[in-house]
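> I have a structure I would like to understand better, so I am pasting it below and will then ask my questions one at a time.
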């Protein structure tokens with residue numbers, strides 16, 4: 232009986248120590264690469280295929296021999312419990328970029344500490360990539376061009392107009408505005424032009440950031456939209472007004488529920 236109590240006490244002390252160590256960790260990712268550090272990888276299997284994009288549906292660029300060293304530029308996906316086909320690494324291959332399934336490489340830093348640079352291809356109901364996408368090159372490499380904003384809330388305008396480059400294959404875009412406190416609001420469009428209405432933004436003055444993300448979908452419901460590329464930042468704009476007062480922290484011993492998201496315009500509205 233005494234040994235059982237002693238075991239419980241030791242387990243409790245171990246939990247306290249582990250929790251203390253976790254709290255003592257500095258903010259950020261301690262395993263992330265330092266500024267200017269080159270992330271490298273070693274090929275673990277002979278004949279490892281290199282693809283033009285982070286998906287098995289893309290065309291192959293070639294193969295690498297076992298123990299070949301490569302420079303890693305980014306990743307797609309996250310690693311949780313096992314490799315499931317969704318984890319990819321962007322590498323330098325023959326003086327250009329290519330993608331390798333991450334299970335086939337041994338990396339110099341943990342996979343999740345590598346910065347994300349790619350997304351999976353969308354799939355239709357038959358689990359196939361829609362025919363509108365050209366798989367001979369990385370789809371997102373073609374999403375380049377100018378991002379523009381016209382209008383000014385400070386000048387009395389009630390809405391701003393933003394434009395962004397077209398991505399072949401995308402049939403809906405979402406402009407995400409981020410307030411100074413981090414609140415996000417989506418402004419959806421089926422064209423390369425979207426409108427940011429002052430009435431749709433939170434009642435928070437200051438400088439906002441706007442970003443754009445392209446989707447492919449074959450349904451109107453937003454939860455069926457499939458993101459094609461990572462968000463690109465279009466720029467910033469200002470919302471006039473007096474800064475919100477800084478409130479002292481409230482100390483309560485109960486859980487604060489997650490705030491409701493800001494209302495967004497109806498999807499698929501030009």
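Numbering (our numbering), first residue to last: 232 to 501.
Using N, Cα and C, we set each Cβ at its ideal position, and we do this for glycine too.
1) Please confirm whether residue 281 and residue 324 have their CB atoms less than 8 angstroms apart.
2) Please confirm if residue 329 has its CB atom under 8 angstroms from at least one CB of chain D.
3) Looking at the structure shown, is residue 454 part of a helix, part of a strand, or coil, going by DSSP?
4) Starting from residue 445, trace the beta strand (DSSP E) both ways and give me its first and last residue.
5) Do residue 388 and residue 403 count as a contact pair if the criterion is CB distance below 8 angstroms?
6) Over the uninterrupted beta strand (DSSP E) stretch that includes residue 340, give me the two end residues.
7) In whole angstroms, what separates the C-alpha of residue 506 from that of residue 320?
8) For residue 363, which residues from the same chain have a beta carbon less than 6 angstroms from its beta carbon, with the 5 sequence-adjacent residues on both sides left out?
9) Could you give the DSSP three-state label for residue 333: helix, strand or coil?
10) Could you check where the beta strand (DSSP E) with residue 404 kicks off and where it finishes?
11) DSSP three-state label for residue 292, please.
Concretely, from the data shown:
1) Your numbering for residue 281 matches position 50 in the chain shown. Your numbering for residue 324 matches position 93 in the chain shown. Cβ atoms of residue 281 and residue 324: closer than 8 angstroms.
2) Protein chain content of the structure displayed is limited to a single chain, and chain D is not contained in it.
3) Position 223 of the chain shown, counting from 1, holds the residue named residue 454. It is helical.
4) In the chain shown, residue 445 corresponds to position 214, counting from 1. Residue 445 -> beta strand (DSSP E) spans 437-447.
5) Here residue 403 corresponds to residue number 172 of the chain shown, with the count starting at 1. Here residue 388 corresponds to residue number 157 of the chain shown, with the count starting at 1. No, the pair does not count as a contact, with Cβ atoms beyond the cut-off.
6) For the purposes of this step, residue 340 is identified with residue 109 of the chain shown, where counting begins at 1. Taken as a continuous stretch (DSSP letters only), residue 340 belongs to no beta strand (DSSP E), as it is neither H nor E.
7) The requested residue 506 does not occur in the structure, where the chain is confined to residues 232 to 501.
8) Locating residue 363 in the chain shown gives position 132, counting from the first residue. Closer than 6 angstroms at Cβ, skipping near neighbours: 400.
9) Position 102 of the chain shown, counted from the start, is the residue given in the question as residue 333. Three-state DSSP puts residue 333 in a helix.
10) As a first step, residue 404 is located in the chain shown; it is residue number 173 there, counting from the start. First-last of the beta strand (DSSP E) with residue 404: 403-409.
11) The sequence position of residue 292 within the chain shown is 61, counting from 1. Reduced to three states, the DSSP call for residue 292 is strand.
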